[in-house]
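Structure first, commentary second.
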Amino acid sequence: MRGAARALRDGFSLPARPPWGYGVLCGLAVAGPLLAGVLVGRPQSGAFLALGAYLTAFGDTYGQPYAARARNMGVKIVLIAAGSWLGLFLAPRPWWGVVALGLVAAAGGRWQVVGTPPVFALVTGFYLGVPAGLGPPELMVIGGLLYAALALALWPVRRLDPLRTALGEAVQAMAAMLEGLAGDDWAGLRERGSKALDTAATASAAFESVGGTGRSAEAYVQALVRIFHETVALRALRASAPQEQGGIDDVAGTLAADLRTAASGRRAGVVEALAVTADFAERLGAREPA
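What the sequence shown shows, in numbering that gives the first Met the number 0, is residues 0 to 289, in sequence order.
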């Protein structure tokens, strides 16, 4: 029962920093064509434009590099138009429509690049009840291109934003682990830190495949991974060596402060933080009996 309640609560939870701007963008891309269609007396055309924008937004990979998003949206727009036309063509042939819908749905489940938007487009075309032609598919393509233009408008000036966000959140998660080293909720901080590192590694790999920044980003992620392991080791050392808790807390505080500084962009504090950890490890090694 608790698991079901937790799943229901998680389904309505919002992240710490919801992408409000992205929500506004999607709303404008869908509501704009609807309003324009009403104002010019062509509500049906406006609806097809809005549907194309909605299905393209539904298949967008927000948070990924802009180049990857552009490729994905281009593929989605083509598939949405093809699905709509196929639905119009198969409307007089219901059993063929059932087979085609099953195949397209299976392809969407098997390949992420296909996804569900072509399935929705096929169903819409199938039940539209108009002769097969280029009208509705063309309007959906225009709507999809409208959304793509809005979504990619900031590409030239915000090319690395998704990567910066992922790295910044990973740095903050590592700093939170260090600050909560002596706390009872450290296990939760460790889990969130691990997830943040996974997200940062995924973003770094994505940028490495589409641009020339992946190598330095990967090195940065590896430094954060090392800090993660150092923090886990400090936690274990703190539990097994009560007499060293003061020194361990000092090291953790220095690490956290340097990581916060690195996240703020004032200077690269990761290297300094690693140096502090190494110095403390050498100090501990010198105190161990031979």
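All C-beta atoms, glycine included, are put in the ideal place defined by N, C-alpha and C.
Ile76 places its beta carbon 8 Å or farther from that of Val118. Take the alpha-carbon of Leu236 and the one of Ala165: they are about 29 Å apart.
Here Gly86 really is in contact with Leu121; their C-beta atoms are around 4 Å apart, less than 8 Å. Arg234 has its alpha-carbon roughly 15 Å from the corresponding atom of Thr253.
Burial of Trp84 is indicated by the presence of at least 16 other C-beta atoms within 10 angstroms of its C-beta. By the beta-carbon neighbour count (other beta carbons within 10 angstroms, threshold 16), Asp249 is exposed. Taking the Cβ atoms as the reference, Ala195 lies roughly 4 Å from Ala172, within the contact range of under 8 Å. Here Leu151 carries a coil assignment [DSSP, helix/strand/coil].
Here DSSP, grouped into helix, strand and coil, assigns Ala238 to helix.
For Leu89, the enclosing alpha helix (DSSP H) begins and ends at Tyr65 to Leu89. Each residue's CA atom was taken as its position, placing Phe47 and Pro135 some 6 Å apart. By the Cβ test, the stretch 35 to 52 is not in contact with the stretch 103 to 115, since fewer than three Cβ pairs between them sit closer than 8 Å. Exclusion of the five residues before and after Arg191 leaves Ala172 as the residues of its chain whose Cβ lies within less than 6 Å of its Cβ. Val170 is classed as buried because its beta carbon has at least 16 other beta carbons within 10 Å across all chains shown.
Boundaries of the alpha helix (DSSP H) harbouring Val122: Pro116 to Phe125, taken from the DSSP string.
Ala150 places its beta carbon 8 Å or farther from that of Leu54.
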